[in-house]
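Engineer: The structure is given below, and queries will be raised subsequently.
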Amino acid sequence: MKKAILILMLLSLLLALAACGGSVAGTWHIKSASTSSGSVTVEQAPELRNVMGDMILNEDGTGSMVIMGSTYRITWDSRTITGDDGTRLSYTVSGNTLELDAQGVIYTFTR
Numbered sequence: 007m008k009k010a011i012l013i014l015m016l017l018s019l020l021l022a023l024a025a026c027g028g029s030v031a032g033t034w035h036i037k038s039a040s041t042s043s044g045s046v047t048v049e050q051a052p053e054l055r056n057v058m059g060d061m062i063l064n065e066d067g068t069g070s071m072v073i074m075g076s077t078y079r080i081t082w083d084s085r086t087i088t089g090d091d092g093t094r095l096s097y098t099v100s101g102n103t104l105e106l107d108a109q110g111v112i113y114t115f116t117r
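Now the structure itself:
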């Protein structure tokens with residue numbers, strides 16, 4: 007009996023961790039862009055949304071990204087987002103923030 011209760015508790019803990027934990031999938035909204043010379047937020051420059059818009063990452067590793075007003079299909083894995091043209095961009099995630107490195111411009115997205 008104790009063993010069954012322990013197993014149920016462990017399974018519950020694993021499910022809770024999976025629900026809270028690090029899924030990158032979802033819709034990401036552009037928040038800011040920065041380079042070595044400075045940064046700008048969407049609040050400061052709403053036109054930033056025209057350069058880099060929302061990004062959708064699906065659970066199956068596919069998705070879409072808005073760049074310069076056009077929507078592009080992408081694929082993604084745990085470290086890289088790849089465009090249909092083969093362009094590969096690295097990213098990192100910390101909590102609800104995703105930072106995408108696009109050739110020296112760091113775009114910050116939030117959920």
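Each residue of the sequence shown is one higher than the one before, counting from 7 in the working numbering.
Idealized CB from N, CA, C, for every residue including glycine.
Would you mind reading off the limits of the beta strand (DSSP E) that contains residue 72?
Structural biologist: On the sequence shown, position 66 is the one that residue 72 refers to. From DSSP, the beta strand (DSSP E) with residue 72 extends over 68 to 73.
Engineer: DSSP has residue 60 in a bridge; who is on the other side?
Structural biologist: For the purposes of this step, residue 60 is taken as residue 54 along the sequence shown, with counting starting at 1. Looking at the DSSP assignment, residue 60 forms no beta bridge with any residue, so it has no partner.
Engineer: Whole-angstrom Cβ separation of residue 115 and residue 62, contact assumed at under 8 Å?
Structural biologist: Along the sequence shown, one-based indexing puts residue 115 at 109. Along the sequence shown, one-based indexing puts residue 62 at 56. Wrong, their Cβ atoms sit about 11 Å apart, outside the cutoff.
Engineer: For a test of your reading of the model: does the CB of residue 53 fall under 8 Å from any non-hydrogen atom of the ligand MG? Yes or no.
Structural biologist: With respect to small molecules bound, the structure shown includes none, and the ligand MG cannot be examined in it.
Engineer: Cβ atoms of residue 30 and residue 111: under 9 Å apart, would you say?
Structural biologist: Locating residue 111 in the sequence shown gives position 105, counting from the first residue. Locating residue 30 in the sequence shown gives position 24, counting from the first residue. No.
Engineer: What does a CB cutoff of less than 6 Å around residue 102 pick up in its chain, not counting 5 residues either side in sequence?
Structural biologist: For the purposes of this step, residue 102 is taken as residue 96 along the sequence shown, with counting starting at 1. Apart from sequence neighbours up to five positions away, the residues of its chain that approach residue 102 with a beta-carbon distance below 6 Å are 116 and 117, ordered along the chain.
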